[in-house]
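Q:
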Amino acid sequence: MKKLKILRGILKKTHANSIILGFIVFILICGFAVFLIEPNITSYFDALWYIYSVTFTVGLGDVVVTTALGKICSVLISIYALFVTALATGVVVSFYNRCVEQQYKETREAILDKLSRLPELSKEELEAISDKVKNLKQ
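In the numbering used here, each number is its position in the sequence shown, counted from 1, plus 527.
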């Protein structure tokens, strides 16, 4: 649950949540379009199932489209799914790397600040700095 909250926070801070929301809306619209134009698909639920299977598993074969417009819609949703997956993954990884880099810079600055006041530090503070420097090497 905690990891989902972190992911949600990352998506919100990077505004990737709007990309995912747009993708969900596009899925719903494509499902409606497929429902309207395909004679073999008789319910909106079946249309959504078809769009889901095309989006995430490149088709299961239990529901198929037969019209040119349905096939075009299938290609568009497949390509869009690839872009959204790649973009969302890249955003999360980039944000994580920036957080790690920021934490490293803050730790380094704190150590350098203490080193500049070396003669004033107590024995415990010197040992703490020594431990942090050892951890930075790893």
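In this text, a Cβ means the ideal position worked out from N, Cα and C, and glycines have one as well. Remember, it's a predicted structure, so these values are computed and weren't measured experimentally.
#1: Under the three-state reduction of DSSP, which class applies to E651: helix, strand or coil?
#2: Under 8 Å by Cβ, that's how I've got G597 and V552 pegged, so tell me the actual separation to the nearest angstrom.
#3: By a C-beta neighbour count over all protein chains shown, 10 Å radius and 16 as the cutoff for buried, is A613 buried or exposed?
#4: Do the region 566 to 575 and the region 529 to 541 touch if we need at least three Cβ pairs shorter than 8 Å?
#5: Buried or exposed, going by whether 16 or more other CB atoms sit within 10 Å of the CB of F572?
#6: Which of helix, strand or coil does DSSP assign to P566?
#7: Below 8 Å CB to CB, which residues in the same chain sit around R535 once its five sequence neighbours on both sides are set aside?
A: To lay it out plainly:
#1: Note: E651 maps to helix in three-state DSSP.
#2: Rounded, the Cβ-Cβ distance is 19 Å, inconsistent with contact.
#3: exposed
#4: Using a C-beta cut-off of 8 Å, the region 566 to 575 makes no contact with the region 529 to 541, since fewer than three inter-stretch Cβ pairs fall below that distance.
#5: exposed
#6: coil
#7: N544
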